[in-house]
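Report on the structure given below.
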Amino acid sequence: MRSAGKPAEIAVDHIRTISTLRLVKKVDALAVADAARLRELIVEMYGLP
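Here the sequence shown is numbered in numbering that gives the first Met the number 0, starting from 0 and rising by one per residue.
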């Protein structure tokens, strides 16, 4: 995928939550299709709904 116009990868083996207070600026957002595919991979890997 691309993020902020640069090639990027998503590491689904290190899922963490981050407080929104710690985020200084929004770098980018996933496209709807990328978010759907990521959700499918997480369900496949971890069996989460």
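Think of the CB as a built atom: it goes at the ideal place given N, C-alpha and C, for glycine as much as any other residue.
Supposed contact pair residue j and residue i - C-beta distance, whole angstroms, cut 8 Å
i          : j          : result
residue 29 : residue 11 : The pair is not a contact, with the Cβ atoms about 13 Å apart (cut-off 8 Å).
Euclidean distance between Cα positions of residue i and residue j
i          : j          : result
residue 14 : residue 37 : 12 Å
residue 19 : residue 35 : 22 Å
residue 4  : residue 26 : 10 Å
residue 6  : residue 31 : 17 Å
residue 42 : residue 16 : 17 Å
residue 1  : residue 8  : 8 Å
Limits of the unbroken alpha helix (DSSP H) element including residue i
i          : result
residue 43 : 31-45
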